[in-house]
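I have placed the structure first, in the form of structure tokens, so that the comments after it can refer back to it.
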Amino acid sequence: MPKAVPRHCQRAGKISPGIQWDEVRAQQPVDGPPVRVAYMLVVHGRAIRQLKRLLKAVYHEQHFFYIHVDKRSNYLHREVVELARQYDNVRVTPWRMVTIWGGASLLRMYLRSMRDLLEVPGWAWDFFINLSATDYPTRTNEELVAFLSKNRDKNFLKSHGRDNSRFIKKQGLDRLFHECDSHMWRLGERQIPAGIVVDGGSDWFVLTRSFVEYVVYTDDPLVAQLRQFYMYTLLPAESFFHTVLENSPACESLVDNNLRVTNWNRKLGCKCQYKHIVDWCGCSPNDFKPQDFLRLQQVSRPTFFARKFESTVNQEVLEILDFHLYGSYPPGTPALKAYWENTYDVADGPSGLSDVMLTAYTAFARLSLRHATTAASPLANPLCRFEPRGLPSSVHLYFYDDHFQGYLVTQAVQPSAQGPAETLEMWLMPQGLLKLLGRSDQASRLQSLE
859 MPKAVPRHCQ RAGKISPGIQ WDEVRAQQPV DGPPVRVAYM LVVHGRAIRQ
909 LKRLLKAVYH EQHFFYIHVD KRSNYLHREV VELARQYDNV RVTPWRMVTI
959 WGGASLLRMY LRSMRDLLEV PGWAWDFFIN LSATDYPTRT NEELVAFLSK
1009 NRDKNFLKSH GRDNSRFIKK QGLDRLFHEC DSHMWRLGER QIPAGIVVDG
1059 GSDWFVLTRS FVEYVVYTDD PLVAQLRQFY MYTLLPAESF FHTVLENSPA
1109 CESLVDNNLR VTNWNRKLGC KCQYKHIVDW CGCSPNDFKP QDFLRLQQVS
1159 RPTFFARKFE STVNQEVLEI LDFHLYGSYP PGTPALKAYW ENTYDVADGP
1209 SGLSDVMLTA YTAFARLSLR HATTAASPLA NPLCRFEPRG LPSSVHLYFY
1259 DDHFQGYLVT QAVQPSAQGP AETLEMWLMP QGLLKLLGRS DQASRLQSLE
């Protein structure tokens, strides 16, 4: 570990200038060509529908989109590869990593992705913006491009504040960590390198191409030694870029604002929910809901993205945002209030679900086919009577108007009479288990709680 690191910033102390939203300046014409953005989408899980919605909201033919799918999310990777084939300016990383919360692997993934983006022929981008599938824009692309074009020499990172000693302790920067077997192990104590200002905050940022080139290509000992230090650090992406920038010759390009609004509620989000992944306590932001919309419209500082949003929790707030930004959808647009998310796909193999869940879905599929047969007329066409073939093809969670509606199970079937094989989709709806045995006031109160 480095004992001391050189500092090149000519200003003493911590640099944390803010910036305010200026509606008049925002309407003024831009000098020079509009900037182009390289979006780095870091995704995992199975929420392809939400990812497509995000891509639709931020997509522009003048920008570039590079997507890294976690190595454990094979279903999502298959879907994203198919999606990227439709666009010349959308690419998927040809390599994949397992990135864990708070892990050094996340920093390695960003640095490798930045190098890739710098070396793609024809991708002449000006700013690097990282997003997850739970992010969403709060202003239009035109507003974002105009703002960045007027601040094309600025780097936007959100700092924790001015109490560095408290941040170092809270973040565990004075502890040595090592990532192994998808876990961040705490090994012991260590000293912060002398000679530099350590800073950090959010790991969501907007960086200029010139700063990204500096981080990726320079042989400056400042960057090389900080890389070594942060590869054994908890949550390195929340501090590495801040610390490099604040001690580099470009330190005065820092703006203490990452252009995001995050739904923090420490009492709800800080419950040490990552103890199974890291030997430390961490926090996570809460999901935005319709009652939080006023926070998304704050105008005191420039914000262009918000997080986080999960369609399995609430989709209405995304509908409100879409209407605010782009107006209403055309009448008759299908599935506006519907949402479905895959939980199993046959390409995952039998190990994609536990034996218990596979047995349950298979049993439900057989029951559905039996119900369809008994509900049909005795004179019904025998081609309408089916026998299941193998395991279900896929299973999706289905929501409508932000209410869980059940499971959609697709199953390959063979008609009882001679005929071609078919694929049927069965809708498994949840049933309430509460049965009232009396009509007392207490029983009515219980029914209302269900």
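Residue numbers (my numbering): 859 to 1308. Quick reminder that beta carbons are idealized off the backbone N, C-alpha and C, glycines included. Small disclaimer: the values here were computed from a predicted structure and weren't measured.
Residues near residue i in its chain [Cβ-Cβ closer than 6 angstroms; skip 5 each side]
{"i": "GLY961", "result": "GLU1037, MET1042"}
{"i": "CYS867", "result": "ASN1105, CYS1109"}
{"i": "THR1120", "result": "PRO1143, ARG1165"}
{"i": "VAL1204", "result": "SER1251"}
{"i": "PHE922", "result": "ALA896, ASN947, TRP981, TRP983"}
{"i": "ASP1061", "result": "ALA1095, GLU1096"}
Helix, strand or coil at residue i according to DSSP, with G and I counted as helix
{"i": "GLU1308", "result": "Residue placement at GLU1308 cannot be trusted, given a pLDDT of 45 that sits under 50; what the coordinates show is reported in the next sentence. Reduced to three states, the DSSP call for GLU1308 is coil."}
{"i": "PRO995", "result": "strand"}
{"i": "VAL863", "result": "coil"}
{"i": "ASP1206", "result": "helix"}
{"i": "CYS1038", "result": "strand"}
{"i": "MET1089", "result": "coil"}
{"i": "THR951", "result": "coil"}
{"i": "ILE906", "result": "helix"}
{"i": "PRO1107", "result": "coil"}
{"i": "ALA870", "result": "coil"}
{"i": "THR1268", "result": "strand"}
{"i": "ALA1082", "result": "helix"}
{"i": "ASN988", "result": "strand"}
Rounded Cβ spacing between residue i and residue j (contact assumed at less than 8 angstroms)
{"i": "ASP1078", "j": "SER1017", "result": "That belief does not hold up - the Cβ atoms of ASP1078 and SER1017 are roughly 22 angstroms apart, past 8 angstroms."}
{"i": "ASN1200", "j": "ARG904", "result": "5 angstroms"}
{"i": "ARG954", "j": "HIS935", "result": "7 angstroms"}
{"i": "TYR994", "j": "LEU1179", "result": "6 angstroms"}
{"i": "GLY890", "j": "SER1007", "result": "7 angstroms"}
{"i": "GLN908", "j": "SER1169", "result": "5 angstroms"}
Through-space distance from residue j to residue i, alpha-carbon basis
{"i": "ILE925", "j": "LYS910", "result": "12 angstroms"}
{"i": "LEU1237", "j": "HIS1229", "result": "The pLDDT assigned to LEU1237 is 49, lower than 50, so where the model puts this residue is not dependable, and the model offers no usable value."}
{"i": "VAL901", "j": "LEU1092", "result": "20 angstroms"}
{"i": "ARG1044", "j": "CYS1139", "result": "12 angstroms"}
{"i": "TRP983", "j": "PRO1288", "result": "49 angstroms"}
{"i": "SER1068", "j": "TYR968", "result": "16 angstroms"}
{"i": "PRO887", "j": "THR998", "result": "16 angstroms"}
{"i": "PHE1151", "j": "GLN1263", "result": "26 angstroms"}
{"i": "ALA1004", "j": "PHE1163", "result": "15 angstroms"}
{"i": "ILE877", "j": "ARG1159", "result": "7 angstroms"}
{"i": "LYS1012", "j": "VAL1055", "result": "19 angstroms"}
{"i": "ALA1270", "j": "ARG1048", "result": "59 angstroms"}
{"i": "SER1209", "j": "PHE1167", "result": "29 angstroms"}
{"i": "PHE985", "j": "LEU1065", "result": "6 angstroms"}
{"i": "PHE1063", "j": "VAL893", "result": "16 angstroms"}
Extent of the continuous alpha helix (DSSP H) run through residue i
{"i": "TYR1075", "result": "1067–1075"}
{"i": "ASP1260", "result": "Unbroken run through ASP1260: none, as it is neither H nor E."}
{"i": "ALA942", "result": "932–942"}
{"i": "LEU1015", "result": "Note, LEU1015: premise wrong, no alpha helix (DSSP H); beta strand (DSSP E) at 1013–1015."}
{"i": "TYR945", "result": "From DSSP, TYR945 is part of no alpha helix (DSSP H); its letter is neither H nor E."}
{"i": "ARG1153", "result": "1151–1154"}
Beta-carbon contacts of residue i that lie in its chain and below 8 angstroms, excluding the five residues immediately before and after
{"i": "ASP1206", "result": "ASN932, TYR933"}
{"i": "GLN1086", "result": "MET859, PRO860"}
{"i": "GLN1276", "result": "none"}
{"i": "ASN1022", "result": "LYS872, VAL1055, VAL1056, ASP1057"}
{"i": "LEU1103", "result": "ASN1013, LEU1015, PHE1069, CYS1109, SER1111, LEU1112"}
Residues near residue i in its chain [Cβ-Cβ closer than 7 angstroms; skip 5 each side]
{"i": "THR1161", "result": "THR996, LEU1117, ARG1118, VAL1119"}
{"i": "HIS1100", "result": "LEU1015, SER1017, ASP1057, GLY1058, GLY1059"}
Residue i: first and last residue of the uninterrupted beta strand (DSSP E) it sits in
{"i": "GLU1280", "result": "1280–1286"}
{"i": "GLU1245", "result": "1244–1246"}
{"i": "LEU969", "result": "Taken as a continuous stretch (DSSP letters only), LEU969 belongs to no beta strand (DSSP E), being part of the alpha helix (DSSP H) at 962–977."}
{"i": "LEU899", "result": "895–901"}
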